[in-house]
Amino acid sequence: MKLCFDFIIRMAVIEIKNIQAVIFDLDGTLLNRQLSLQRFITGQYQRFFNDLQPVSLPDYSRRFITLDNDGYVSKDVVYQQLLQEFEITTVTWRQLFDDYLVFFPDHCIAYPDTTVMLNNLNKQGYLIGLISNGASDFQRANLEALGIVHYFNHILISEDIGIKKPDPLIFNYFLEKCALDAHATVYIGDHPVNDVYGAQQVGMNVIWKRNGSTRRPPCTDWIDDWSELGTLLQNDQQKGVFTMSELQYQIRPYADHDFEAIQRLNAAEGWSNLVARADETKRAFAASNVAYVVVIDGTVSGYIRGMTDTAITLYICELLIADSARGQGLGQALLGHVHALYPATRLEILASASSHSFYEQLGYRPFYGFRKTIDATVTTPPTSL
Numbered sequence: 109m110k111l112c113f114d115f116i117i118r119m120a121v122i123e124i125k126n127i128q129a130v131i132f133d134l135d136g137t138l139l140n141r142q143l144s145l146q147r148f149i150t151g152q153y154q155r156f157f158n159d160l161q162p163v164s165l166p167d168y169s170r171r172f173i174t175l176d177n178d179g180y181v182s183k184d185v186v187y188q189q190l191l192q193e194f195e196i197t198t199v200t201w202r203q204l205f206d207d208y209l210v211f212f213p214d215h216c217i218a219y220p221d222t223t224v225m226l227n228n229l230n231k232q233g234y235l236i237g238l239i240s241n242g243a244s245d246f247q248r249a250n251l252e253a254l255g256i257v258h259y260f261n262h263i264l265i266s267e268d269i270g271i272k273k274p275d276p277l278i279f280n281y282f283l284e285k286c287a288l289d290a291h292a293t294v295y296i297g298d299h300p301v302n303d304v305y306g307a308q309q310v311g312m313n314v315i316w317k318r319n320g321s322t323r324r325p326p327c328t329d330w331i332d333d334w335s336e337l338g339t340l341l342q343n344d345q346q347k348g349v350f351t352m353s354e355l356q357y358q359i360r361p362y363a364d365h366d367f368e369a370i371q372r373l374n375a376a377e378g379w380s381n382l383v384a385r386a387d388e389t390k391r392a393f394a395a396s397n398v399a400y401v402v403v404i405d406g407t408v409s410g411y412i413r414g415m416t417d418t419a420i421t422l423y424i425c426e427l428l429i430a431d432s433a434r435g436q437g438l439g440q441a442l443l444g445h446v447h448a449l450y451p452a453t454r455l456e457i458l459a460s461a462s463s464h465s466f467y468e469q470l471g472y473r474p475f476y477g478f479r480k481t482i483d484a485t486v487t488t489p490p491t492s493l
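Spelled out as structure tokens, the structure:
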């Protein structure tokens with residue numbers, strides 16, 4: 109059994125207001141639901157033409173849209189009412205409802221520049237999330253159909269947990285699941301109550317996507333299209349692809365495909381324990397709720413890994429910058445980035461003796477702690493003290 113001692117560095121709580129995560133609603137925000145629904149209704153009318161032909165397509169479409177009430181009336185109710193009003197008996201509401209579940213995703217259309225906007229946010233290192241009401245499989249199918257699901261780090265549909273917006277519990281659940289502080293997030297949605305009011309209740313920053321509406325809810329910012337989003341976020345914090353000493357770099361969440369590059373950094377640094385125990389190291393990254401990489405010209409040039417309870421302590425296990433990229437502030441940038449996610453926490457770091465001056469220059473204060481490594485080959489319990 110090996111017992112060793114090391115320094116732990118602790119940083120006092122500081123107030124950080126940088127936005128680290130951008131979280132979206134789906135219907136009416138990313139998905140142009142009005143256009144998508146109109147396309148679907150036309151397709152459904154054609155598929156069931158023999159049953160629906162007593163009613164004209166314009167009449168069927170207008171009544172469907174009215175009964176649907178922007179998606180806030182269940183489709184089983186919509187179809188039952190349609191068939192009753194138009195006195196259609198050759199097809200059941202269940203057949204039409206099942207057709208809706210299967211074919212609506214085929215007609216999904218995103219608002220203009222949605223993909224460009226998400227791609228830019230991804231490049232700028234934001235965590236991208238989604239909170240939507242609805243059926244889980246159905247909404248995920250719509251995201252897949254839009255071709256944007258791969259941009260999202262975290263997706264939460266109300267059916268997943270049985271809680272709908274605007275209940276603050278669904279927003280808090282998302283924040284806790286992602287280990288995010290509400291003040292470090294922006295939530296974007298179109299509904300004044302479900303989105304704007306709901307997110308405001310838990311302290312999230314809110315941007316209303318008004319889609320031409322003039323009934324502005326009580327929130328600071330609003331946009332009509334995605335070209336305006338970058339300006340709002342830039343005004344908040346001048347955040348994006350950072351520039352320091354003429355060096356451009358990107359900080360983004362760790363992904364599985366980064367592991368080989370991280371192991372090369374570990375090997376170059378001489379962290380042989382992490383290299384030799386590759387499987388355990390990879391599992392450690394998967395289990396850590398704090399894991400980010402810094403990228404220069406498409407190459408992973410550093411990383412930070414740790415864990416947090418989101419309320420008291422943010423603990424950093426490893427912080428490593430490639431030798432060729434040192435001296436340019438990247439370590440400081442990684443520390444600032446992750447602490448901005450959890451501004452209420454104190455930040456603690458296990459540091460080597462050679463790095464003490466680096467942390468002290470950043471205003472960290474040293475204190476003594478203890479570390480214990482258990483030898484897995486020892487099977488007898490230790491002697492009681």
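Following the working numbering, the numbering of the sequence shown begins with 109 at its first residue and continues without gaps.
Ideal Cβ placement from N, Cα and C applies to all residues, glycine included.
Legend entry - The alpha helix (DSSP H) enclosing E336, as first and last residue numbers: Membership of E336 in any alpha helix (DSSP H) is not indicated, and neither H nor E is assigned to it by DSSP.
Inset, instruction - Measuring alpha carbon to alpha carbon, tell me which of D417, R454, G406 ends up nearest Q232. - result: G406
Inset, instruction - Measuring alpha carbon to alpha carbon, tell me which of S460, Y450, L455 ends up nearest L428. - result: S460
Inset, instruction - Have a look at S396, L190, L191, N319 and flag the residue whose alpha-carbon is nearest the alpha-carbon of K285. - result: Among S396, L190, L191, N319, the Cα nearest to that of K285 is on S396.
Inset, instruction - Given a cut-off of 8 Å, decide if S409 and L382 are closer than it, judged by their beta-carbon atoms. - result: no
Inset, instruction - Could you check the C-alpha separation between I149 and L139 for me, to the nearest Å? - result: 16 Å
Legend entry - Residue burial classification, N241 (beta-carbon count within 10 angstroms, cutoff 16): buried
Legend entry - In DSSP terms, what Q172 is bridged to: Before going further, note that residue 172 is Phe rather than Gln in the sequence given. Paired residue(s): none; F172 is not in a bridge.
Legend entry - Span separating the alpha-carbon of I420 from that of D289: 12 Å
Legend entry - Contact check, D184 vs W201, beta carbons under 8 Å: yes
Inset, instruction - Pick helix, strand or coil for V163, following the three-state DSSP scheme. - result: coil
Legend entry - Proximity winner among G151, H445, E426, relative to E377 (alpha-carbon distances): E426
Legend entry - Nearest-angstrom Cβ-Cβ length linking V294 and I131, presumed shorter than 8 Å: 7 Å
Legend entry - Where T198 sits in the DSSP three-state scheme: coil
Legend entry - Alpha-carbon spacing of Y168 relative to E388, whole angstroms: 59 Å
Legend entry - Start and end residues, beta strand (DSSP E) containing F132: 129–132
Legend entry - DSSP-derived helix/strand/coil call for Y295: strand
Legend entry - Exposure of V446, with buried meaning 16 or more beta-carbon neighbours within 10 Å: Label assigned to V446: buried.
Inset, instruction - For the segment 217–226 and the segment 179–196, state whether three or more C-beta atom pairs, one from each stretch, are separated by less than 8 Å. - result: Contact between the segment 217–226 and the segment 179–196 is absent: fewer than 3 CB-CB pairs across the two stretches fall below 8 Å.
Legend entry - Classification of D298 by the beta-carbon crowding that lies within 10 angstroms, buried from 16 upward: buried
Legend entry - S244 - DSSP class collapsed to helix/strand/coil: Here S244 sits in helix by DSSP.
Legend entry - Exposure label - N52; buried when at least 16 CB within 10 Å: In the structure as shown, the chain starts at 109 and stops at 493, and residue 52 therefore has no counterpart that could be examined.
Legend entry - DSSP state of M225 mapped onto helix, strand, coil: helix
Inset, instruction - With a threshold of 16 other CB atoms inside 10 Å of the CB of A375, please say whether the residue is buried or exposed. - result: exposed
Legend entry - Beta-carbon contacts of F172 that lie in its chain and below 7 Å, excluding the five residues immediately before and after: If we look at F172 and ignore the five residues flanking it on each side, its Cβ neighbours are I149, V186, L190.
Legend entry - Separation of D332 from Q308, as counted between CA atoms: 20 Å
Legend entry - Same chain, Cβ closer than 7 Å to I236, five either side skipped, listed in chain order: V130, L226, L229, N230, Y259, F260, N261
Legend entry - Cα-Cα separation, L373 to S144: Our two residues, L373 and S144, have alpha carbons roughly 47 Å apart in a direct line.
Legend entry - Anticipated Cβ contact below 8 Å, W330 with W316, distance rounded: Yes, they are in contact, since the Cβ atoms of W330 and W316 sit about 4 Å apart, within 8 Å.
Inset, instruction - Return the CA-CA distance between A253 and L160, expressed in angstroms with no decimal places. - result: 27 Å
Legend entry - Rounded separation between D268 and A243 - CA only: 8 Å
Inset, instruction - Just mark N158 as buried or exposed, buried being the case when its beta carbon has 16 or more other beta carbons within 10 Å. - result: exposed
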